[in-house]
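K.L.:
Start counting at 1 in the sequence shown, then tack on 142, and there's your number in the numbering used here.
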Amino acid sequence: MDRKLRILFAASMMLTAMVSAQDSVKVPLEEQISNVKGQIDGLNEDYLAAKATVDGLSKLKFGGYIQAQWQHTGDFGLVDSTSPADTVNNATFNGGGSPTVAGGNFPGQANQRFQIRRARLKATYSGLDSKYVLEIDALPSGISVKDIYVQLTEPWLKTFSLTMGNMDMPFGFEIGYSSGAMESPERSRLENNIFKGEKQLGAKIEVNPTEKMGLLQYINLKAGLYTGTEGGTGGTGDEVDRKLEFIGRAGFKAPFNDLGLDIDGGVSWLMGKTQTGSDSVFKMSGDTGFVPTTGNKPKWGEWKYFDRKAMGVDAQLYYDIPVIGGLSLRGEYVQGTEPGTAGSTNAYTNAGATDTVDATAGKMYIRKFSGFYVQWVQNLGPKLQSVLRFDQYDPNTDAKGTSIGDASISNHLTPGTKVLNLTDLKYTTLGLGLTYYWDANLKFLVYYDIPTNEKINSSTPTNTLAKKNALLPYTKDIDDNVLTVRMQVKF
Numbered sequence: 143m144d145r146k147l148r149i150l151f152a153a154s155m156m157l158t159a160m161v162s163a164q165d166s167v168k169v170p171l172e173e174q175i176s177n178v179k180g181q182i183d184g185l186n187e188d189y190l191a192a193k194a195t196v197d198g199l200s201k202l203k204f205g206g207y208i209q210a211q212w213q214h215t216g217d218f219g220l221v222d223s224t225s226p227a228d229t230v231n232n233a234t235f236n237g238g239g240s241p242t243v244a245g246g247n248f249p250g251q252a253n254q255r256f257q258i259r260r261a262r263l264k265a266t267y268s269g270l271d272s273k274y275v276l277e278i279d280a281l282p283s284g285i286s287v288k289d290i291y292v293q294l295t296e297p298w299l300k301t302f303s304l305t306m307g308n309m310d311m312p313f314g315f316e317i318g319y320s321s322g323a324m325e326s327p328e329r330s331r332l333e334n335n336i337f338k339g340e341k342q343l344g345a346k347i348e349v350n351p352t353e354k355m356g357l358l359q360y361i362n363l364k365a366g367l368y369t370g371t372e373g374g375t376g377g378t379g380d381e382v383d384r385k386l387e388f389i390g391r392a393g394f395k396a397p398f399n400d401l402g403l404d405i406d407g408g409v410s411w412l413m414g415k416t417q418t419g420s421d422s423v424f425k426m427s428g429d430t431g432f433v434p435t436t437g438n439k440p441k442w443g444e445w446k447y448f449d450r451k452a453m454g455v456d457a458q459l460y461y462d463i464p465v466i467g468g469l470s471l472r473g474e475y476v477q478g479t480e481p482g483t484a485g486s487t488n489a490y491t492n493a494g495a496t497d498t499v500d501a502t503a504g505k506m507y508i509r510k511f512s513g514f515y516v517q518w519v520q521n522l523g524p525k526l527q528s529v530l531r532f533d534q535y536d537p538n539t540d541a542k543g544t545s546i547g548d549a550s551i552s553n554h555l556t557p558g559t560k561v562l563n564l565t566d567l568k569y570t571t572l573g574l575g576l577t578y579y580w581d582a583n584l585k586f587l588v589y590y591d592i593p594t595n596e597k598i599n600s601s602t603p604t605n606t607l608a609k610k611n612a613l614l615p616y617t618k619d620i621d622d623n624v625l626t627v628r629m630q631v632k633f
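1) Could you check whether residue 489 and residue 667 sit closer than 8 Å to each other, using their CB atoms as the reference points?
2) For residue 264, I'd like the list of residues in its chain whose CB is within less than 6 Å of its CB, leaving aside the five on either flank, ordered along the chain.
3) Could you tell me if residue 352 is buried or exposed, where buried requires 16 or more neighbouring beta carbons within 10 angstroms of its beta carbon?
4) Quick check on the burial criterion: 16 or more other C-beta atoms within 10 angstroms. Buried or exposed for residue 270?
5) Can you give me the start and stop residues for the beta strand (DSSP E) that residue 331 sits inside?
6) Quick check on the burial criterion: 16 or more other C-beta atoms within 10 angstroms. Buried or exposed for residue 249?
7) Whose C-beta lies closer than 6 Å to the C-beta of residue 212 among residues of the same chain, with five residues either side of it excluded?
8) By a C-beta neighbour count over all protein chains shown, 10 Å radius and 16 as the cutoff for buried, is residue 474 buried or exposed?
9) Could you tell me which of 466, 398 and 481 sits nearest to residue 452, measuring between CA atoms?
10) With a threshold of 7 Å on Cβ separation, who are the neighbours of residue 618 within its own chain once the five nearest residues in sequence on each side are excluded?
11) Going by CA-CA distance only, name the one from 406, 196 and 317 that's closest to residue 389.
12) Do the stretch 354-370 and the stretch 277-292 meet, that is, are 3 or more Cβ pairs less than 8 Å apart?
13) Would the beta-carbon of residue 455 fall within 8 Å of that of residue 334?
14) CA-CA distance, residue 314 and residue 395?
15) Which runs of the beta strand (DSSP E), 3 residues or longer, sit entirely within the stretch 293-334?
16) Whose C-alpha, out of 531, 529, 566 and 534, is nearest the C-alpha of residue 546?
17) Using alpha carbons as the reference points, say which of 358, 448 and 254 lies closest to residue 132.
18) To test your reading of the DSSP string, which unbroken beta strand (DSSP E) runs of 3 or more residues are found completely within the stretch 430-490?
19) Can you name, in chain order, every residue of its own chain whose Cβ lies under 6 Å from the Cβ of residue 361, other than the five neighbours on each side?
20) Which residues does DSSP list as the beta-bridge partners of residue 206?
21) Along the chain, where does the beta strand (DSSP E) that runs through residue 392 open and close?
22) Can residue 576 and residue 588 be called in contact, C-beta distance under 8 Å?
23) Quick check: the stretch 295-309 against the stretch 338-357, are at least 3 beta-carbon pairs closer than 8 Å?
24) If we ignore side chains and look at the alpha-carbon of each, how far apart do residue 535 and residue 471 end up?
25) List the DSSP bridge partners of residue 593.
26) From residue 287 to residue 177, what does the alpha carbon distance come to, in whole angstroms?
27) For residue 414, I'd like the list of residues in its chain whose CB is within less than 6 Å of its CB, leaving aside the five on either flank, ordered along the chain.
28) Going by C-alpha distance, which of 408, 515, 392 and 338 is nearest residue 363?
29) Between the alpha carbons of residue 427 and residue 434, how many angstroms are there, rounded?
30) For residue 201, name the three-state secondary structure that DSSP assigns.
31) Which same chain residues, not among the five before or five after residue 348, have their C-beta less than 6 Å away from its C-beta?
32) Assuming the contact rule is C-beta atoms closer than 8 Å, residue 418 and residue 446 should be a hit. Round their C-beta distance to whole Å, please.
33) Note down the Cα distance separating residue 608 from residue 615, rounded to an integer number of angstroms.
34) When the Cα atoms are used, what is the spatial distance from residue 345 to residue 430?
35) Under a Cβ-count criterion, where at least 16 other Cβ atoms within 10 Å of its own Cβ denotes burial, should residue 509 be classed as buried or exposed?
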């Protein structure tokens with residue numbers, strides 16, 4: 143019996159020791175598990191923080207392009223050293239250098255140049271229903287802001303959006319077509335004069351129905367209120383008057399997928415007012431000159447307002463030709479009324495326009511204008527693309543070229559009437575180009591512009607004094623064709 147008790151006691155002691163040993167092991171295991179859990183939680187926090195950063199960066203995208211080019215133009219504006227100083231090619235006719243919209247006028251006495259035409263950097267942050275855009279143009283001459291706006295799209299239908307800031311004017315097709323995607327080096331002459339800079343400061347509403355909305359998906363609408371171009375910087379300056387400018391476009395798209403054909407188009411409007419404090423505003427009288435519409439200076443603090451308006455239609459056709467490749471045929475026509483100055487058809491700015499300013503410097507000249515372009519782009523396989531373009535711009539549809547520089551007219555005008563000048567000349571331009579796509583980012587463009595100016599009155603006196611007149615070379619088509627060789631990289 144004692145022996146059995148001793149065995150039972152020994153067994154109980156061993157069991158107690160084993161339980162005690164297990165408890166001693168259990169504590170550090172729980173600590174280890176707790177430590178591991180803490181490390182996992184820490185890693186999870188780091189992951190969530192990293193994910194938030196990555197998600198944020200994924201919403202921010204950078205892009206841009208650089209256009210470097212060499213250009214050569216005709217000899218208009220160059221002094222011929224073998225001829226008298228008053229030769230018709232003398233640079234005094236146009237201030238030196240050939241006048242052109244192909245990258246701006248050439249420097250005096252230069253018929254070729256290297257140029258950085260555009261160097262854009264664009265940052266876009268895309269939120270759930272919003273977008274924020276900042277684009278700059280960094281040139282050797284300085285840095286300027288192009289796009290800078292905020293856009294909000296309603297989350298329910300994904301159809302209506304509001305944009306506020308500095309943006310493309312919602313007029314026609316060419317203005318909103320990216321400079322990096324253009325098949326020609328520049329936009330039309332009309333666009334470069336009437337819509338110079340392409341941008342304005344304001345607010346815009348867009349309606350872009352989705353596929354879920356049936357037939358409505360084939361129409362779209364853009365309309366906005368803007369400060370206008372009175373700031374003198376393409377509309378990106380501060381407001382200078384009490385009037386806003388309405389710009390809008392109603393568009394359509396008609397895809398014929400079975401035929402490989404798409405047809406798009408639209409109608410656009412611009413309606414605004416331009417102010418002046420000048421004592422005289424000049425309008426065309428017949429087809430020979432400008433006459434002042436008022437003779438009394440406004441009272442101090444008063445302004446006169448005049449219409450700035452335009453109406454345009456545009457159409458684009460896209461077709462995939464078997465074997466050869468895709469083609470696009472695009473065209474646009476615009477007409478309207480533009481207040482400018484005696485020497486410029488760019489939008490009028492009232493800065494300094496008082497009764498003490500000479501009529502050629504700051505007073506308002508109102509012209510009716512019209513213009514159009516037609517462009518055919520043809521892909522030639524996967525690497526080559528050709529372009530044929532024709533555009534016309536008439537800054538003064540009431541004027542006749544034969545009335546410009548006609549001494550008999552200027553001698554018999556009513557006192558106070560201002561004669562026509564080179565600003566009123568009509569231009570037509572034929573352009574031919576070929577683009578080679580090196581890869582998805584790099585392309586080379588060779589393009590030849592052939593502008594033809596309206597001829598002024600050929601009976602202009604040819605004496606020495608008249609030869610120094612800037613009008614004389616324009617009795618014929620001036621030598622101002624431009625060859626552009628461009629290299630563009632896009633990222």
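The beta-carbon is built from N, C-alpha and C at its ideal position, and this holds for glycine as well.
P.N.:
In terms of the structure at hand:
1) What is shown of the chain runs 143 to 633, which leaves residue 667 out entirely.
2) Start at 1 with the first residue of the sequence shown, and residue 264 comes out as number 122. Excluding sequence neighbours, residue 264 sits near 205, 206 and 277.
3) By 1-based counting over the sequence shown, the position of residue 352 is 210. When all chains shown are included, residue 352 counts as exposed.
4) Taking the sequence shown and counting its residues from 1, one reaches residue 270 at position 128. Classification of residue 270: exposed, given that the 10 Å Cβ count is below 16.
5) Counted from its first residue, the sequence shown places residue 331 at position 189. Residue 331 -> not in any beta strand (DSSP E); alpha helix (DSSP H) instead, spanning 331-336.
6) For the purposes of this step, residue 249 is taken as residue 107 along the sequence shown, with counting starting at 1. Under this definition residue 249 is an exposed residue.
7) Translated into positions along the sequence shown, residue 212 becomes position 70. Counting only Cβ-Cβ distances below 6 Å, and skipping sequence neighbours, we find 256 and 627.
8) On the sequence shown, position 332 is the one that residue 474 refers to. Residue 474 comes out buried.
9) On the sequence shown, residue 452 is found 310 positions in, with the first residue counted as 1. Residue 452 has its Cα closest to that of 481, out of 466, 398 and 481.
10) On the sequence shown, residue 618 is found 476 positions in, with the first residue counted as 1. Around residue 618: 597.
11) Taking the sequence shown and counting its residues from 1, one reaches residue 389 at position 247. If we check each option's Cα against that of residue 389, 317 comes out closest.
12) no
13) Along the sequence shown, one-based indexing puts residue 455 at 313. Along the sequence shown, one-based indexing puts residue 334 at 192. Against a cut-off of 8 Å, the Cβ pair of residue 334 and residue 455 comes out as no contact.
14) Within the sequence shown, residue 314 is the residue found at index 172, counting from 1. Within the sequence shown, residue 395 is the residue found at index 253, counting from 1. Approximately 14 Å between the Cα atoms of the pair.
15) 302-310
16) As a position in the sequence shown, residue 546 is number 404, starting the count at 1. Nearest of 531, 529, 566 and 534 to residue 546, Cα basis: 566.
17) Because the chain here runs from 143 to 633, residue 132 falls outside it and cannot be looked at.
18) 431-434, 446-463 and 467-482
19) Position 219 of the sequence shown, counted from the first residue, corresponds to residue 361. Result list for residue 361: 394, in chain order.
20) Indexing the sequence shown from 1 puts residue 206 at position 64. Answer by DSSP bridge pairing, in chain order: 263.
21) By one-based count along the sequence shown, residue 392 stands at place 250. Here the beta strand (DSSP E) through residue 392 covers 387-398.
22) As a first step, residue 576 must be located in the sequence shown, where it is residue number 434. As a first step, residue 588 must be located in the sequence shown, where it is residue number 446. Cβ distance < 8 Å, so residue 576 and residue 588 count as in contact.
23) yes
24) The residue given as residue 535 occupies position 393 in the sequence shown. The residue given as residue 471 occupies position 329 in the sequence shown. The alpha-carbon atoms of residue 535 and residue 471 are separated by roughly 19 Å.
25) Position 451 of the sequence shown holds residue 593. The partner list for residue 593 (beta bridge, DSSP) reads 571.
26) One-based indexing of the sequence shown puts residue 287 at position 145. One-based indexing of the sequence shown puts residue 177 at position 35. Those two C-alpha atoms are separated by around 54 Å.
27) Mapped onto the sequence shown, residue 414 falls at position 272. Correct list, in chain order: 370, 387 and 450.
28) The residue labelled residue 363 in the question sits at position 221 within the sequence shown. Answer by Cα proximity: 392.
29) Numbered from 1 along the sequence shown, position 285 holds the residue referred to as residue 427. Numbered from 1 along the sequence shown, position 292 holds the residue referred to as residue 434. Computed Cα separation, rounded: 9 Å.
30) Position 59 of the sequence shown, counted from the start, is the residue given in the question as residue 201. DSSP places residue 201 in coil when its eight states are reduced to three.
31) Here residue 348 refers to the residue found at position 206 when the sequence shown is read from its first residue. The answer, listed in chain order, is 303 and 364.
32) If you number the sequence shown from 1, residue 418 lands on position 276. If you number the sequence shown from 1, residue 446 lands on position 304. Contact flag correct, Cβ pair sits at about 6 Å.
33) Translated into the one-based positions of the sequence shown, residue 608 becomes position 466. Translated into the one-based positions of the sequence shown, residue 615 becomes position 473. Because the pLDDT at residue 608 is just 45, under 50, the model does not fix this residue reliably, and the point stays unresolved.
34) The sequence position of residue 345 within the sequence shown is 203, counting from 1. The sequence position of residue 430 within the sequence shown is 288, counting from 1. Rounded to the nearest angstrom, the two C-alpha atoms are 41 Å apart.
35) Residue mapping note: residue 509 aligns to position 367 of the sequence shown, counting from 1. Result: buried.
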